[in-house]
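Engineer: If you scroll down you'll find the structure; I have some questions about it.
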Amino acid sequence: MYTSEELLKKVNEALDNVVYDRQPASLYDPIKYVLSIGGKRVRPVLAMLSYNLYKNDPLSIMPQALGLETYHNFTLLHDDLMDHADMRRGHETVHKKWDANRAILSGDTMLLQAFERVEDCDPAKLPAVFKVFIQTTLEIGEGQQLDVEFENRNDVREEEYIEMIRLKTSVLLACACKVGAIMADAPQDDIENMYKFGEKLGLAFQLQDDLLDVYGNPAVFGKNIGGDITSNKKTYMLINAVNLANPVQREQLMNWIKAKDFDRNEKVKAVTELYNEIGIRELCERKIEEYYQESLVYLAKINVPEERKTELKSYAAEMMKRQS
């Protein structure tokens, strides 16, 4: 059995050893850059830990693990461009360091590289692996479009937001767990339960991201704190703040949401104070814990000895303690 730390190290080594020998180099330089500036590598580690529940050679699915990580980073290139974000993981985003055209083209190339890597597996398993991977990529696009549409709506409901983050973020963690189980010849019931485990864990993971965007340490978080507040992003926190606020608090919130000309720091401070008054941080923390506990219910159904689940359980618990 491998630890998550050992697998993370192996993933980073494998990414460092990828050879980019195609031309033009200017197309591939941003890809090397974005894959070299860090990241938690949650998706490849989850895939290999899921595989490791059943078999002892998780490095055998490194191509699929790297494919998932490559795909994830492709989405970040395009997301950052769409969000006009200048920083990612404490470094300049690709469109900022180069330009928008490069972010689009290099991102498109990463998408194809992701499929190429995922496809590098036992032909007998390829249909099942490709089915979940293709479904996941479609759903992530749907989630991103919903996220964009929510920007122009002030009536987004909590259940709509949860479905959006399920599509945009959660399904890729679910896919990673399912791919790992498929590659390990897990029973069909286990494969589906691993998907649900990853899906619920992914919801907790994204809500945690929302929380850190407001309450995280900017030196650790790698992005500017308060970005969601500044851009009026319809998060679990903002939606519930509007719904739970008293009339005075709601008026203050809506004034900040409608404001076109404002001091960024002043807005972040004011909205955060309103969140504190309304109890939004605690509400979000309870929801994160709820989804995390639901994920463990699905993991408990997996038909392997409990000791084989120890590392995956530990990794999931560590994910819930993250600060970035």
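When you line the sequence shown up against this note's numbering, it's residues -12 to 311, in that order.
Heads up, the beta-carbon is just placed ideally off N, CA and C, and yes, glycines get one too.
This structure is a prediction, so every number in the text was calculated from the model and none was measured.
1. Could you spell out where the alpha helix (DSSP H) holding N88 opens and where it closes?
2. Going by DSSP, which residues form a beta bridge with R75?
3. Can you grab the Cα-Cα spacing for the pair V(-2) / P114, in whole Å?
4. Quick check on the DSSP output: what are the complete alpha helix (DSSP H) runs of length 4 or more inside the stretch 16 to 85, in order along the chain?
5. Any idea if A12 is buried or exposed, counting beta-carbon neighbours within 10 angstroms, 16 or more meaning buried?
6. If I measure Cβ to Cβ from A52 and keep anything under 7 angstroms in the same chain, skipping five residues before and after, which residues do I get?
7. Take T156 as the anchor and find which of N141, L125 and M181 has the nearest alpha-carbon.
8. What residue does the alpha helix (DSSP H) around P11 start on, and which one ends it?
9. How big is the Cα-Cα spacing for M18 and L2?
10. To the nearest angstrom, report how far apart I289 and N180 are at their CA atoms.
11. With G167 as the anchor, note down where its alpha helix (DSSP H) starts and where it stops.
12. When the Cβ atoms of the stretch 183 to 191 are set against those of the stretch 155 to 173, are three or more pairs found closer than 8 angstroms?
13. On the three-state DSSP scale, how would you describe A191?
14. Taking the alpha carbon of R89 as the reference point, which residue from E106, T62 and Y15 has its own alpha carbon closest?
15. Taking just the CA atoms, how far does V6 sit from Y20?
16. Could you check whether I127 and L154 sit closer than 8 angstroms to each other, using their CB atoms as the reference points?
17. What are the boundary residues of the alpha helix (DSSP H) that includes V229?
18. So for R144, helix, strand or coil by DSSP?
19. Please identify the residue among Y(-11), N4 and S37 whose C-alpha is closest to the C-alpha of A168.
20. Reducing DSSP to helix, strand and coil, say where T(-10) ends up.
21. Spatial neighbours of S282 within its chain, please: CB distance less than 6 angstroms, with the 5 preceding and 5 following residues excluded, ordered by chain position.
22. Check whether the stretch 82 to 100 and the stretch 137 to 149 touch, using three or more Cβ-Cβ pairs below 8 angstroms as the test.
23. If distances are taken between C-alpha atoms only, which option among Y262, N39, E146 and C271 comes closest to E(-7)?
24. Report yes if the C-beta distance between T62 and Q100 is below 8 angstroms; otherwise report no.
25. Using DSSP with H/G/I as helix, E/B as strand and the rest coil, what is C271?
26. Give me the Cβ distance between L240 and A246, rounded to the nearest whole Å; I'm assuming they're in contact under 8 angstroms.
27. Helix, strand or coil for N174 per DSSP?
28. For the alpha helix (DSSP H) holding L313, just list the boundary residues, first then last.
29. If you run the structure through DSSP and keep just helix, strand and coil, what is Q236?
30. Which class does N242 belong to by DSSP, given the choice of helix, strand or coil?
31. DSSP state of R309, grouped into three classes?
32. To the nearest angstrom, how far is the alpha carbon of V201 from that of D109?
Structural biologist: According to the structure data:
1. By one-based count along the sequence shown, residue 88 stands at place 101. Note, N88: alpha helix (DSSP H), A87 to V105.
2. On the sequence shown, residue 75 is found 88 positions in, with the first residue counted as 1. Answer by DSSP bridge pairing, in chain order: H78.
3. The sequence position of residue -2 within the sequence shown is 11, counting from 1. The sequence position of residue 114 within the sequence shown is 127, counting from 1. So the two alpha carbons sit approximately 24 angstroms from each other.
4. 29 to 39, 49 to 70 and 81 to 84
5. Within the sequence shown, numbered from 1, the residue matching residue 12 stands at position 25. Exposed is the call here.
6. By 1-based counting over the sequence shown, the position of residue 52 is 65. Taken in chain order, the residues that qualify are V(-2), P31, A34 and M35.
7. In the sequence shown, the residue the question calls residue 156 occupies position 169. Closest option to T156, Cα to Cα, is L125.
8. Mapped onto the sequence shown, residue 11 falls at position 24. Here P11 belongs to no alpha helix (DSSP H), and DSSP marks it neither H nor E.
9. In the sequence shown, counting from the first residue as 1, residue 18 sits at position 31. In the sequence shown, counting from the first residue as 1, residue 2 sits at position 15. The sequence shown places Ile at residue 18, rather than the Met named in the question. Cα to Cα, the separation comes out at about 11 angstroms.
10. The residue given as residue 289 occupies position 302 in the sequence shown. The residue given as residue 180 occupies position 193 in the sequence shown. Answer to the nearest angstrom: the Cα atoms are 7 angstroms apart.
11. Taking the first residue of the sequence shown as 1, we reach residue 167 at position 180. Segment V158 to M170, the alpha helix (DSSP H) holding G167.
12. yes
13. By 1-based counting over the sequence shown, the position of residue 191 is 204. Helix, per DSSP.
14. Taking the sequence shown and counting its residues from 1, the one referred to as residue 89 is at position 102. The option with the nearest alpha carbon to R89 is Y15.
15. For this step, residue 20 is matched to residue 33 along the sequence shown. For this step, residue 6 is matched to residue 19 along the sequence shown. Rounded to the nearest angstrom, the two C-alpha atoms are 13 angstroms apart.
16. Counting from one through the sequence shown, the residue named residue 154 turns up at place 167. Counting from one through the sequence shown, the residue named residue 127 turns up at place 140. Cβ distance < 8 angstroms, so L154 and I127 count as in contact.
17. Taking the sequence shown and counting its residues from 1, one reaches residue 229 at position 242. From DSSP, the alpha helix (DSSP H) with V229 extends over Y223 to L231.
18. Here residue 144 is taken as the residue at index 157 of the sequence shown, counted from 1. Reduced to three states, the DSSP call for R144 is coil.
19. The count along the sequence shown starts at 1 and reaches residue 168 at position 181. Selected option, being the one with the closest Cα: S37.
20. Here residue -10 refers to the residue found at position 3 of the sequence shown. Residue state, collapsed to three classes: coil.
21. Stepping through the sequence shown from its first residue, residue 282 is reached at position 295. These residues qualify, in order along the chain: F184, K187 and L188.
22. no
23. Reading the sequence shown from its first residue, position 6 is the one you call residue -7. E(-7) has its Cα closest to that of N39, out of Y262, N39, E146 and C271.
24. Position 75 of the sequence shown holds residue 62. Position 113 of the sequence shown holds residue 100. No.
25. Position 284 of the sequence shown, counting from 1, holds the residue named residue 271. Helix at C271.
26. As a working mapping, residue 240 is identified with position 253 in the sequence shown. As a working mapping, residue 246 is identified with position 259 in the sequence shown. The Cβ separation is near 11 angstroms, so there is no contact.
27. Position 187 of the sequence shown, counting from 1, holds the residue named residue 174. Before going further, note that residue 174 is Pro rather than Asn in the sequence given. Coil at P174, not helix or strand.
28. An answer regarding residue 313 cannot be provided, because it is not within the stretch -12 to 311 covered by the chain.
29. One-based indexing of the sequence shown puts residue 236 at position 249. In the structure shown, Q236 sits in a helix (DSSP, three-state: H, G or I).
30. For the purposes of this step, residue 242 is identified with residue 255 of the sequence shown, where counting begins at 1. The answer is helix: DSSP assigns N242 an H, G or I state.
31. Here residue 309 is taken as the residue at index 322 of the sequence shown, counted from 1. It is coil, neither helix nor strand.
32. If you number the sequence shown from 1, residue 201 lands on position 214. If you number the sequence shown from 1, residue 109 lands on position 122. Rounded to the nearest angstrom, the two C-alpha atoms are 44 angstroms apart.
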